[in-house]
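Before any comments, here is the structure.
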Amino acid sequence: MTKVGCVGLLRFNLANMKIKVLIAGMTVIVFFACQENAKVEKPPLEVKVITHQADSSYVVADLAIEGMMCAHACGGKVQQELKRMPGVKNTQLDFIEERKVNIVHVQFDPSMVEEQKMMACVNAIADGKYTVVSAQRNVFVQP
Numbered sequence: 315m316t317k318v319g320c321v322g323l324l325r326f327n328l329a330n331m332k333i334k335v336l337i338a339g340m341t342v343i344v345f346f347a348c349q350e351n352a353k354v355e356k357p358p359l360e361v362k363v364i365t366h367q368a369d370s371s372y373v374v375a376d377l378a379i380e381g382m383m384c385a386h387a388c389g390g391k392v393q394q395e396l397k398r399m400p401g402v403k404n405t406q407l408d409f410i411e412e413r414k415v416n417i418v419h420v421q422f423d424p425s426m427v428e429e430q431k432m433m434a435c436v437n438a439i440a441d442g443k444y445t446v447v448s449a450q451r452n453v454f455v456q457p
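Written out as structure tokens, the structure is:
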């Protein structure tokens with residue numbers, strides 16, 4: 315083999331080796347980057363129940379939520395996802411921009427959906443951007 319042929323073969327082998335090292339390195343990076351961080355599961359929030367006298371009977375959950383930056387996009391998305399749940403009849407947002415925690419009032423049928431499911435729905439929006447920090451069930455009953 316000539317000197318030029320030997321140098322060419324050496325360059326080819328070095329280039330081939332660089333590609334293999336690059337592929338191996340990228341595989342390692344992708345493997346570790348794609349692993350989900352171990353999340354510590356928080357125990358379910360306790361739902362406080364309060365009974366009120368009213369002209370008609372209905373149930374409203376007050377979900378206190380962190381992470382909403384605006385009423386239109388964030389609050390709208392939370393309300394939209396909750397309204398998609400079977401048993402949710404209506405939602406109303408109590409939002410003030412300066413507050414860390416804002417409230418979504420959810421009128422619902424407790425025989426069809428429970429607060430824990432609604433909280434899980436909110437916590438799952440936008441990869442956990444929003445967090446329900448407390449919940450209260452307001453039961454309105456006729457005297």
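The sequence shown begins at 315 in the numbering used here and counts up one residue at a time. Glycine is no exception: its CB is placed at the ideal position from the N, C-alpha and C atoms.
Residues near residue i in its chain [Cβ-Cβ closer than 7 Å; skip 5 each side]
i	result
residue 426	400 and 401
residue 413	none
residue 385	407 and 409
Residue environment, residue i, which counts as buried when at least 16 other CB atoms sit within 10 Å
i	result
residue 455	exposed
residue 441	exposed
residue 365	exposed
residue 393	buried
residue 344	With a pLDDT of 42 at residue 344, under the threshold of 50, the modelled position of this residue cannot be trusted; read the value that follows with caution. Answer is exposed; the Cβ neighbour count stays below 16.
Distance, residue j Cα to residue i Cα
i	j	result
residue 449	residue 423	16 Å
residue 439	residue 372	27 Å
residue 374	residue 411	23 Å
residue 457	residue 370	9 Å
residue 301	residue 415	Residue 301 lies beyond the residue range present for the chain, which begins at 315 and ends at 457; the question has no answer from this structure.
residue 406	residue 396	11 Å
residue 360	residue 432	13 Å
residue 447	residue 377	8 Å
residue 363	residue 408	20 Å
residue 452	residue 358	19 Å
Where residue i falls: helix, strand or coil (DSSP)
i	result
residue 397	helix
residue 360	coil
residue 439	helix
residue 414	coil
residue 368	coil
Chain-order list of residues whose beta-carbon lies under 8 Å from that of residue i (same chain, five-residue window excluded)
i	result
residue 444	379, 380, 381, 382, 388, 392, 436 and 437
residue 368	454, 455 and 456
Same chain, Cβ closer than 6 Å to residue i, five either side skipped, listed in chain order
i	result
residue 404	421
residue 428	none
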